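In what follows, a structure is listed as structure tokens, so that the remarks can point back to it.
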Amino acid sequence: MKIIPASDSSLLVVFGNLISPVLHERVMAMFHAFQAWHDPRIRNLHPGYASLLIDFDPLRLTHDELTSMVRQRASTGDAAVDRSVDVISIPVCYDAEFGPDLLDVAQHAGLPLEEVIRLHCSPTYLVYFLGFSPGFVYLGGLPEVLHTPRLATPRPSIAGGSVGIAGSQTGIYPVDSPGGWRLIGRTPLRMFDPEATQPTRLQPGDRMKFSPIDRATFEEMNRRAKARPA
Amino acid sequence: MTIRLAKPGFFTTVQDLGRYGYAHLGISPGGAADPLSFRIANLLVGNEENAPALEMTLLGATLEFEESAIVAITGSSCECKAGADRVPLNAAFDLPTGAVLQCGSMTMGARCYLAVHGGFDIPLVMGSASTFVAAHFGGFQGRRLQSGDVLQVRKHGSCGVRRIRSGALDSSRVAGPLRVTKGAQQDWFGPEAFEKLFSGAYVVSEQSDRTGLRLKGETVRPCEQSELLTDGIPLGAIQVPQDGQPIILFVDQQTTGGYPKIANVIAADMHRVGQLRPRDEVRFAEVTIQDAIQALREREERLMETFE
């Protein structure tokens, strides 16, 4: 473990330099410990693939004090925080309208469409962290055969809920935004709701699976999601 | 009491001092780009320093006051008029019922703050009134203000209007380089890279906003060509993308990123970043973390001594 002052108000705790579920467990253990402390001097926690950035008020807490807190937590072992291991299911409609790049992904993989959908829905993905934009998840576990380069020219506008692939990553655009990922489907679920007690459907450390739904089910779920009072 | 926007100006949003505790969900703090001027505006009109107020960028708004109000404008120099009369900056002033306040172009900086006694009545989203335009939430309907928008002002009891000591703001207007500490990936960069960063003058590009300030100038390159595993980004981080042109990540920044961070603007100078305009020249100077924290402590002490 390396502890680096990233700025006058933050400390970066680096656990390693690999994307691996084992390293990630250590990130999560430290993250959950700090979350549970509710220390008002600590303002923000940014987990990454193999690191945790801790943002704090430097007029009330020093880098040295925080370093001691990190070391002390690390010395108590990593598995102390209980987490539910429920796998969260995210329904996705792989209709051609929602997945304009599904054919490209299939061609790149040399597989029929049905097989691409089956493979995309087969793994249990790990939510490494959220970043880039509110509710945007970085997932690990996309089958290698589905790895596809991102679009050469990003689309100016992508509907929230769109599911895509970029390189070795797959993910979901939580809100309408521009983007260069290859779109393969769309979820009717609202991934980011700023008014909700829990604003994002997925959190760092969650496990999730995509499950295929047909267009009729998508429309029905979409109608219900929109009818729900804010 | 209500205030109606007759003209929104170039880019006007409701802000406060930011939304903390949600970075792990990808949500940056947001809040006033120049938090020092923001706090002074609120303190002048007797509000708590975090009360929702307006951030106006480059060109100010025109506002119609339904009732009399006590208002303060701080930040960049800017010609503001109530009817035909100039109103002062950095001081609370009274507006009569029906007044039309017209804020002009910012001249010496990029942003002005307008606070009203009582504060704007804005529902909090995740504990904050600040507007996050890119994700469409917070502030007034999650967006920049438009002509015809009507903002409610909270009722406020006894008035604690304050005055600034004469000359007290001068020391916060230091020119000179932005002070930085070395960043999380400082080991990725050799002496030449730091030499370039600290000797060159950079120009703020037109593609700069609340998410980040893109700079044009000496190219800075890491020695290593390895790829960084995406990690957390502190406010004010100076990241270096492949083209070697540094970007200062700002209040609406992304919470994680994959480019190496060579340096970080110190907290005591972040309010100055909020006053940088496109085409402004920026220089950087290195300080230690201890000096940076001392500078922040001194800035806070000065703020307390700013008022009579």
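So the sequences go chain by chain: A and U.
Here numbering that gives the first Met the number 0 is used: the first residue of the first sequence is 0, the next is one more, and so on.
Here numbering that gives the first Met the number 0 is used: the first residue of the second sequence is 0, the next is one more, and so on.
Glycine included, C-beta positions come from ideal geometry on N, C-alpha and C.
Remember, it's a predicted structure, so these values are computed and weren't measured experimentally.
Hey, quick one: how far does the beta strand (DSSP E) through residue i stretch, first residue to last?
| i | result |
| --- | --- |
| A:Arg72 | Here A:Arg72 belongs to no beta strand (DSSP E); instead the alpha helix (DSSP H) covers His62 to Ser74. |
| U:Asp93 | Phe92 to Leu94 |
| A:Thr216 | No beta strand (DSSP E) contains A:Thr216, which is instead part of the alpha helix (DSSP H) from Arg214 to Ala226. |
| U:Gln206 | Premise fails: U:Gln206 is in no beta strand (DSSP E) and is neither H nor E. |
| A:Pro122 | It is not in any beta strand (DSSP E) - A:Pro122 carries neither H nor E in the DSSP assignment. |
| A:Asp54 | Ser50 to Phe55 |
| A:His45 | Ile41 to Pro46 |
| A:Arg189 | Element bounds for A:Arg189: n/a, residue is neither H nor E. |
| A:Pro156 | The sequence given here has Ser at residue 156 of chain A, not Pro. Note, A:Ser156: beta strand (DSSP E), Arg154 to Ile157. |
| U:Arg123 | One point to set straight first is that residue 123 of chain U is Leu, not Arg, in the sequence displayed. Neither: U:Leu123 is in no beta strand (DSSP E) and is coded neither H nor E. |
| U:Ile26 | Note, U:Ile26: premise wrong, no beta strand (DSSP E); not H, not E. |
| A:Leu10 | Ser9 to Val13 |
| U:Arg3 | Thr1 to Lys6 |
| U:Lys181 | Leu177 to Lys181 |
| U:Gln151 | Val149 to Gln151 |
| A:Val174 | Segment: none, A:Val174 is in no beta strand (DSSP E) and carries neither H nor E. |
| U:Gly141 | Per DSSP, U:Gly141 belongs to no beta strand (DSSP E) and is neither H nor E. |
| U:Tyr112 | Arg110 to Val115 |
| A:Gly163 | Ser161 to Ala165 |
| U:Thr11 | Phe10 to Gln14 |
On the DSSP letters alone, give me the boundaries of the alpha helix (DSSP H) that residue i sits inside.
| i | result |
| --- | --- |
| U:Ile39 | Pro34 to Leu43 |
| U:Arg164 | No alpha helix (DSSP H) contains U:Arg164, which DSSP labels as neither H nor E. |
| A:Val104 | Leu101 to Ala108 |
| A:Ser6 | Not the alpha helix (DSSP H): A:Ser6 falls in the beta strand (DSSP E), residues Lys1 to Ser6. |
| A:Gln34 | Pro20 to Trp36 |
| U:Ala192 | Pro190 to Ser198 |
| A:Arg117 | Leu112 to His119 |
Verify whether the separation of the beta carbon atoms of residue i and residue j is less than 8 angstroms.
| i | j | result |
| --- | --- | --- |
| U:Arg161 | U:Glu307 | yes |
| U:Ala183 | A:Leu44 | no |
| A:Lys84 | A:Leu118 | Strictly speaking, residue 84 of chain A in this sequence is Val, with Lys absent from that position. Against a cut-off of 8 angstroms, the Cβ pair of A:Leu118 and A:Val84 comes out as no contact. |
| A:Ser161 | A:Phe209 | no |
| A:Leu101 | A:Val91 | no |
| A:Leu206 | A:Leu125 | One point to set straight first is that residue 206 of chain A is Arg, not Leu, in the sequence displayed. The answer is yes: Cβ separation under 8 angstroms. |
| A:Pro122 | A:Leu182 | no |
| U:Thr305 | U:Ala134 | no |
| U:Cys102 | U:Ala60 | yes |
| U:Val13 | U:Thr180 | no |
| U:Pro51 | U:Gly118 | yes |
| U:Thr11 | U:Leu144 | yes |
| A:Ser176 | A:Ile164 | no |
| U:Gln244 | U:Leu212 | no |
| A:Phe231 | U:Gly231 | There is simply no residue 231 of chain A to check, as chain A begins at 0 and stops at 229 in what is shown. |
| U:Val261 | U:Ile246 | A small correction: the amino acid at residue 261 of chain U is Ile; Val does not occupy that position in the sequence shown. It is not a contact, given that the beta carbons lie outside the stated cut-off. |
| U:Ser204 | U:Pro259 | no |
| A:Gly139 | A:Ile18 | yes |
| U:Cys77 | U:Thr106 | yes |
| A:Arg51 | A:Met68 | Note that residue 51 of chain A corresponds to Leu in the displayed sequence, not to Arg. No, they are not a contact pair. |
| U:Ile2 | U:Glu63 | yes |
| U:Arg178 | U:Ile265 | yes |
| A:Ala269 | A:Val26 | What is shown of chain A runs 0 to 229, which leaves residue 269 of chain A out entirely. |
| A:Phe14 | A:Leu22 | yes |
Here's a check: name, in chain order, each residue in its chain whose Cβ is nearer than 7 angstroms to the Cβ of residue i, leaving out the five neighbours to either side.
| i | result |
| --- | --- |
| A:Pro57 | Asp7 and Ser8 |
| A:Ala229 | Its pLDDT being 43, under 50, A:Ala229 is placed unreliably in this model, and the value from its coordinates should be taken loosely. Taken in chain order, the residues that qualify are Glu194. |
| U:Arg209 | Ala32, Phe249, Val250 and Asp251 |
| A:Val104 | Val115, Leu145, Thr147, Ile164, Arg181 and Ile183 |
Which residues in the same chain have their Cβ closer than 8 angstroms to the Cβ of residue i, if we skip the five residues on either side of it in sequence?
| i | result |
| --- | --- |
| U:Glu217 | Lys195, Leu196, Ser198, Gly199 and Tyr201 |
| A:Gly166 | His146, Thr147, Pro148 and Arg149 |
| A:Asp54 | Ser8, Ser9, Ile41, Arg42, Asn43, Leu44 and His45 |
| U:Leu35 | Ser171, His270, Arg298 and Leu302 |
| U:Ile163 | Ile39, Leu43, Asn89, Ala90, Thr305, Phe306 and Glu307 |
| U:Pro7 | Ala60, Arg143, Leu144, Gln145, Ser146 and Asp148 |
Apart from the five residues on each side of it in sequence, which residues of its chain come closer than 6 angstroms, Cβ to Cβ, to residue i?
| i | result |
| --- | --- |
| A:Ile212 | Pro90 and Cys92 |
| U:Gln289 | none |
| U:Ser104 | Leu58 |
| A:Ala79 | Note that A:Ala79 has pLDDT 49, beneath the 50 cutoff, so the model's placement of it is unreliable and the number below is only indicative. Counting only Cβ-Cβ distances below 6 angstroms, and skipping sequence neighbours, we find nothing. |
| U:Arg153 | Gly117, Gly118 and Asp120 |
| A:Pro142 | Leu118 |
| U:Pro221 | Trp187, Phe188 and Pro259 |
Given 7 angstroms as the limit, tell me if residue i has its C-beta closer than that to any heavy atom belonging to the ligand SAM.
| i | result |
| --- | --- |
| A:Leu188 | The ligand SAM is not part of this structure, which contains no ligands at all. |
Segment contact flag, the stretch 181–193 of chain U with the stretch 267–277 of chain U, C-beta cutoff 8 angstroms, min 3 pairs: In this structure the stretch 181–193 of chain U does not touch the stretch 267–277 of chain U; the number of beta carbon pairs closer than 8 angstroms is below three.
Residue ranges of each alpha helix (DSSP H) within the stretch 223–303 of chain U, 4 or longer: 269–272
Are the stretch 78–88 of chain U and the stretch 249–258 of chain U in contact at 8 angstroms, needing three or more beta carbon pairs? no
Would you check if there are 3 or more beta carbon pairs closer than 8 angstroms linking the stretch 126–137 of chain U to the stretch 99–113 of chain U? no
Does the pairing of the stretch 135–143 of chain U with the stretch 96–110 of chain U give three or more beta-carbon distances under 8 angstroms? no
Write down every uninterrupted run of the beta strand (DSSP E) in the stretch 39–84 of chain U whose length is 3 residues or greater and which is fully enclosed by it, in chain order. 52–56, 61–64, 68–74 and 77–81
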